[in-house]
Amino acid sequence: MMMRMIRSALAAATLLALPALPALAAVEIQEVKSEGGFTAWLVEEHTIPFVALELRFKGGANLDPEGKRGAINLMTGLLEEGAGDLDARGFAEAREALAASYDFDVYDDTLTISAQFLTENRAEAVALLRKALVETRFDQDAIDRVRAQVVSIIQSDEKDPNAIAARTFDALAFGDHPYATPRDGTLESIAALTREDMFEARDRVIAKDRVYVGAVGDITPEQLSELMDALLSDLPETGAPPVPDAEYALEGGVTVVPFPSPQSVVIFGHEGIKRDDEDFFAAYVMNQILGAGGFSSRLMEEVREKRGLTYGISTFLVPMDHAETVQGQVASSNETVAEAIEVIRAEWRRMAEEGVTEEELRDAKTYLTGAYPLRFDGNGTIANIIVGMQTQGLPIDYIATRNDKVEAVTREDVARVAKRLLDADALHFVVVGQPEGLETTN
Amino acid sequence: MRRILSVCVLVLGTLATPLLADENVTTFTLDNGMDVLVLEDHRAPVAVQMVWYRAGAADEPPGHSGIAHFLEHLLFKGTDTLAPGEFSKTVAANGGTDNAFTSWDYTAYYQRVAADRLELMMRMESDRMRNLRLSEEDIVTERQVILEERNQRTDSDPGALFGEQRRAAQYMNHPYGIPVIGWRHEMEQLSMEDAMAFYERFYAPNNAILIVAGDVEPEEVRTLAETYYGPLAPTEGLAPRVRPQEPPQLSERRLTYSDPRVSQPYVTRSYLAPVRRAGAQEEAAALTLLANLLGGSSTTSVLARKLQFEEQTAIYTGAFYDGTSLDPMSFGLVIVPQEGVPLAEAEAALDRALAEFIEEGVDPEQFARLKAQIRASEIYARDDVQAAARRYGMALTTGLTVDDVQAWPEVLMAVTEQDVIDAAKAVFDKRRAVTGWLMREETAQAEEVTQ
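Which chain is which? The protein sequence lines are F and R, in order.
So in our numbering, spot 133 of the first sequence is number 133, and the numbers just go up one at a time.
Take any residue in the second sequence, note its place counting from 1, add 1000, and you have its number in our numbering.
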């Protein structure tokens, strides 16, 4: 015991002696406006002959028409399943011949397209992507094939403890808002979807009035401007109106979902904080110390390192477009999960009442400010970051100011936001498994 | 569809992305036998340090499964100069991230930091190569953690349990049949003595490879490596890695597994398969292309075309092969049947599709597209130096050389259509295969009735 204390003291001294952190990598973002009225953020990087292009369409799966849950998800899966003169296989073969990649994904708030293509055939790769967006075929055989895949995913999720936990939490928390139900839809809702529904779903989301563009790589502003006009000019002007904000309806307690497994999976949380809240950075730093900081976090220390109750635990701030939560997840043996939950509640309370120490704050800030420049290390990664900044409404010089915002957070700020945000009694735990000593509360 | 079915996690990716020809690679060896490889990429002020040990789960003493992975966890406890947990805390306090991973053939540790923090990382990583200090408390707590890890990754997932059983059947004598995480009853008995014996034998400079990638200069890396790793004592008399090899496999093996948690039944088949050998990668290259032609795309691959588009017996098909392995591994296939298609019918359809493929030969257009993608992957690969570092680490711990890694793209490009068919004929021998049916409990009963 003595030895350890001495070692820790030495360690602290080592940490203090470190030099200041390096300056940010030169990520110079240019704003590019096209003749057709589109705006992109661009980082030119000409050393490797390819471009990473990121498109975001706000609204995402939230924009499913009433009674047609799952339409936008199914539609997204069909974007690469045939367009113009090409059927599904023809489209895939054309893409493979260009050695381009297009990834289409949809989340609650956003539909995302990630594309990478070589300089040598950029125009062809962009023309093919345009086809997928504006000349989508939605052939009936493709709809049936992809629908069968979605059915399989829905059925798998019904027996996946992690999916069950997330779905149960959302259903309890978000009432009749789209956030309350999985964006895949239900077996019944997707069975009823028609080819016409696919066209409607596409035009609700993939429209000019909600597109954001980020590009990184071997392309000039002029070339990017032409690319955007070629790619996006034929989209509809407007899509569906945004959904209203969600009312968070879940009170503190426990919901047990019986599931045959040696281990219980837990998702827990309560209401959170908006991305544009003036205390967001203080909350971000606080969450880092509480549960987001991996092996440096309090929850990992208490639940895993000291007690061996889990392989991993983490917490997240989840600021969505229409609701915000703070959530966490953990898995623990059925015999030990009740103890894990007790420890989590205690740590939640301790943070709300006591805030953080000067040392914890310093370490968290050093990590967050030091890790930030390390994110900017590949064309695809950087394109993803700069398009995300746009959808969140951040200024183009945000990267240069972000670390200052972290540095400005004080212990008092963290204590204030912890007290305001964290409420151990409001925490709701959804437990999927056969937990010992836990029952659903009312 | 972007979201792939959960069965895909049973096998790792197929197209071993080749490395670029013009990358900046420097290699040297320290006096104590430690190999060093430097990969330069000066686009961002980031460095990755990796230390790879030529020791993994297949090097464990019999009866002590899981010790390689358990030791990986324990390396984050203390040394003479670092308190338990301090390693990762120090990395984090410097803005870095760190982690480790264990496979059958290797155990590797890495940190990703600002390039000017490399020296601190080397000081700490070299320290724990020889100076680990464990307490009984560390052993007891961390053993609980790895049991929870097994709960989470394996025992909570019927697909993972099934994979473990199939692998045990694939290898009748080779330790690849033992799970990396370990069998639970053996994990529960893992002790301080087990951990320290494995550590003292294998964690030594002459059994390790240092890889530093990113915004670094080779000469600077050499100076630091000599300072921090140079003084470490090698393990004397370290024997060559010779594991028990497979006898001739003469008898097809078949498994069924049913579990109430299964939502999507499927059929898998794996064949014992050769792997990349130093100076002789041609057969593995042909198998790599074979896996891509059969199952690399959900739309254009042979199995997708025949079984998902034409016959419509399947909603998903796949083929998996990774030839980077010290001893022979396996070539895997999977078919997820359409609703209402019995597993026996799905398996027959799969066998029919394979036979037709060998009969019809490779579609020249599909072959040309695949070659175009391999060529392009050399360009895309230059965007991710950490992935390149990882490929070198895997190759160098599985008996390959830097030359083999650099020759790999050419070897892939040189494969002919006939090579692929020859490789398919050689590998698809049911006497060396394990066929598995994963079933819902009610399906299991129905299948029994129909047989």
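Ideal Cβ positions, reconstructed from N, Cα and C, are used throughout, including at glycine.
None of these values were measured; they are calculated from a predicted model.
*Using a beta-carbon distance below 9 Å, is isoleucine 48/F in contact with chain R?*
Yes, isoleucine 48/F counts as interfacial toward chain R.
*Does DSSP put phenylalanine 429/F in a helix, in a strand, or in coil?*
For phenylalanine 429/F, the three-state secondary structure derived from DSSP is strand.
*Quick one: list the residues of chain R neighbouring tyrosine 284/F, beta-carbon separation under 8 Å, in chain order.*
Going along chain R, no residue has its Cβ under 8 Å from tyrosine 284/F, so there is no contact; the nearest lies around 15 Å.
_Cα-Cα separation, threonine 1268/R to proline 161/F_ = Cα to Cα, the separation comes out at about 24 Å.
*Go ahead and pull the three-state DSSP assignment for tyrosine 1501/R.*
In the structure as shown, chain R starts at 1001 and stops at 1451, and residue 1501/R therefore has no counterpart that could be examined.
*Report the residue from Thr1141/R, Phe1087/R, Ser1103/R, Val1334/R whose alpha carbon sits nearest the alpha carbon of glycine 1096/R.*
Glycine 1096/R has its Cα closest to that of Phe1087/R, out of Thr1141/R, Phe1087/R, Ser1103/R, Val1334/R.
*Are the beta-carbon atoms belonging to alanine 1092/R and tyrosine 107/F less than 9 Å from one another?*
Not a contact, by the Cβ cut-off of 9 Å.
*asked:* DSSP has valine 1212/R in a bridge; who is on the other side?
replied: In the DSSP output, where bridge partners are listed per residue, valine 1212/R has Val1038/R, Gln1049/R.
*Residues of its chain near serine 314/F, where Cβ-Cβ distance is below 7 Å and the 5 sequence neighbours each way are ignored*: Exclusion of the five residues before and after serine 314/F leaves Gly291, Ala292, Gly328, Gln329 as the residues of its chain whose Cβ lies within less than 7 Å of its Cβ.
*Curious, which full-length beta strand (DSSP E) runs of at least 3 residues does the region 199 to 229 of chain F contain?*
Scanning the region 199 to 229 of chain F for uninterrupted beta strand (DSSP E) segments of 3 residues or longer gives 211 to 217, listed from N- to C-terminal end.
*Evaluate contact between the region 1380 to 1387 of chain R and the region 1244 to 1261 of chain R, counting only Cβ atoms and requiring at least three cross-stretch pairs below 8 Å.*
Segments in contact, no.
_List, from N- to C-terminal side, the alpha helix (DSSP H) runs of 4 residues or more that fit wholly inside the region 1238 to 1295 of chain R._
Taking only runs of at least 4 residues, the alpha helix (DSSP H) segments lying wholly in the region 1238 to 1295 of chain R are 1282 to 1295.
*Do the region 352 to 368 of chain F and the region 404 to 412 of chain F touch if we need at least three Cβ pairs shorter than 8 Å?*
Three or more pairs of CB atoms, one per stretch, sit closer than 8 Å, so the region 352 to 368 of chain F contacts the region 404 to 412 of chain F.
*asked:* What residue range does the beta strand (DSSP E) around histidine 270/F cover?
replied: Its beta strand (DSSP E) spans residues 263 to 271.
*Measure from the C-beta of leucine 449/F to each C-beta in chain R and report whether the shortest distance is under 9 Å.*
Residue 449/F is absent from the structure shown; chain F starts at 1 and stops at 442.
_Would leucine 21/F pass as an interface residue toward chain R - the criterion being a Cβ-Cβ separation below 9 Å?_
Legend: pLDDT at leucine 21/F = 42, less than 50; position of this residue unreliable, no value from coordinates given.
*Is leucine 98/F helix, strand or coil by DSSP?*
Of the three classes helix, strand and coil, the one that applies to leucine 98/F here is helix, per DSSP.
*Should glycine 370/F be flagged as near chain R, meaning a C-beta pair shorter than 9 Å?*
Yes, glycine 370/F lies at the interface with chain R (some Cβ there is under 9 Å from its Cβ).
*Could you give the C-beta distance for isoleucine 1315/R and proline 49/F, rounded to a whole number, given that I count them as a contact under 8 Å?*
Between isoleucine 1315/R and proline 49/F a beta carbon distance of about 37 Å is seen, past the 8 Å cut, so the two are scored as non-contacting.
*In angstroms, rounded to a whole number, what distance separates the CA positions of alanine 246/F and histidine 1069/R?*
Using only the alpha carbons, I get a separation of about 45 Å.
*Alpha carbon to alpha carbon, how far is methionine 389/F from glutamate 1339/R? Give it in angstroms, no decimals.*
Their Cα atoms are separated by approximately 43 Å.
*Contact under 9 Å by Cβ, aspartate 229/F with valine 134/F*: Between aspartate 229/F and valine 134/F, the CB-CB gap reaches or exceeds 9 Å.
_Helix, strand or coil at threonine 186/F [DSSP, three-state]_ = Threonine 186/F: coil per DSSP, three-state reduction.
*How long is the line joining the alpha carbons of valine 34/F and glutamate 226/F, rounded to whole angstroms?*
The question names valine, yet the displayed sequence has serine at residue 34/F. Answer to the nearest angstrom: the Cα atoms are 7 Å apart.
_Can you list, in chain order, the residues of its chain with a C-beta nearer than 8 Å to that of aspartate 1022/R? Leave out the 5 residues immediately preceding and following it._
At aspartate 1022/R the pLDDT is 47, less than 50, meaning the model places this residue with poor confidence; the figure from the coordinates comes in the next sentence. Nothing listed; no residue qualifies.
*Run the CB neighbour count on glutamine 288/F, radius 10 Å, all protein chains shown included, and call it buried at 16 or more, exposed below.*
Buried is the call here.
*Indicate the three-state DSSP secondary structure (helix, strand or coil) for lysine 33/F in the structure shown.*
The answer is strand: DSSP assigns lysine 33/F an E or B state.
*Hey, lysine 274/F and glutamate 324/F: beta-carbon distance below 9 Å or not?*
The answer is yes: Cβ separation under 9 Å.
*asked:* Rounded to whole angstroms, what is the Cα-Cα separation between proline 1364/R and serine 1301/R?
replied: Each residue's alpha carbon lies about 13 Å from the other.
_Under 8 Å from the C-beta of aspartate 1155/R: neighbouring residues of chain F_ = Residues of chain F passing the Cβ test: Ser261, Pro262, Gln263.
*Taking 9 Å as the CB-CB limit, is glutamine 155/F close to chain R?*
Interface residue, yes.
*Does any residue of chain R bring its CB to less than 9 Å from the CB of serine 152/F?*
Judged by the 9 Å Cβ criterion, serine 152/F is in contact with chain R.
*Hey, would you say glycine 506/F sits closer than 9 Å to leucine 53/F, going by beta carbons?*
Residue 506/F lies beyond the stretch modelled for chain F, which goes from 1 to 442, so this question has no answer here.
*Determine the DSSP secondary structure at methionine 1329/R, reduced to helix, strand or coil.*
Strand.
*When the cut-off is 9 Å and only beta carbons count, does threonine 136/F lie next to chain R?*
Not closer than 9 Å to any Cβ of chain R, the Cβ of threonine 136/F fails to qualify, so no.
*Report yes or no: is there a C-beta of chain F within less than 9 Å of the C-beta of threonine 1151/R?*
Reading off the sequence shown, one finds asparagine at residue 1151/R, where the question assumed threonine. Output row for asparagine 1151/R: interface = yes.
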